[in-house]
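Reviewing the structure listed below.
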Amino acid sequence: MVWVTFFLMACSKPDWSDTQGKGVFLKDTNGQWTVINIWAQWCDPCREEIPELNALASAGSIRVLGYDFDNSQGEALVNKAKKLGIEFPVITESPLVLLEAKTPQVLPATMIVNPDGKLIEILYGPQTLDSLKKKVQALKDKVGANG
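Here the sequence shown is numbered in my numbering, starting from 27 and rising by one per residue.
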């Protein structure tokens, strides 16, 4: 069974690429929930929450991805992420189409995705390490109670 899973993943096209050119799959095979943060360099609240997102990514229990609202590419995107101190992977393609979400009117926007790749909730405005951990846990508990 492990070989079949590995083979299927090897044959699957990634949903996105990150700034390092690595493929990123929406469905996480480790059963992790994913937080996708949509940020912009000109957005003060976005810049303020980056250390919180870095801490969440470092904790390791929730996968964190970022996406530049302005859709910068190549070196421009790498330089923006570096200047902002982003330590988590930044994807180069918009997550909105795949997740069937509308373009956010407020930034930052933080999308919470379950391990099956389904968008569960979008949070608007700056988040903290604690608020994100609590929100994801509450969503996990809700799924557990209903499923």
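Where is the CB? At the ideal position from N, CA and C, for every residue including glycine.
For residue j and residue i, believed in contact at Cβ under 8 Å, the rounded distance
| i | j | result |
| --- | --- | --- |
| T118 | D44 | 7 Å |
| L145 | L125 | 4 Å |
| L158 | L82 | 6 Å |
| V169 | L52 | Their Cβ separation, rounded to whole angstroms, is 17 Å, which puts V169 and L52 out of contact at 8 Å. |
| G49 | P141 | Not quite, the Cβ-Cβ distance comes to about 18 Å (not below 8 Å), so this is no contact. |
| T154 | E78 | 5 Å |
Buried or exposed by the 16-neighbour rule on C-beta atoms within 10 Å, applied to residue i
| i | result |
| --- | --- |
| D94 | buried |
| V162 | buried |
| I64 | buried |
| T60 | buried |
| E75 | buried |
| G92 | buried |
| V28 | Because the pLDDT at V28 is just 49, under 50, the model does not fix this residue reliably, and the point stays unresolved. |
| Q99 | exposed |
| A107 | buried |
| V123 | exposed |
Counterpart residues of residue i in DSSP-defined beta bridges
| i | result |
| --- | --- |
| V139 | T60, L145 |
| R89 | T60 |
| W65 | D94 |
| I17 | The requested residue 17 is not part of the displayed model; the chain covers only 27 to 173. |
Local conformation of residue i per DSSP, three classes
| i | result |
| --- | --- |
| S98 | coil |
| S43 | strand |
| V50 | strand |
| I112 | coil |
Does the structure place the segment 128-140 close enough to the segment 70-78 that three or more beta carbon pairs sit under 8 Å?
yes
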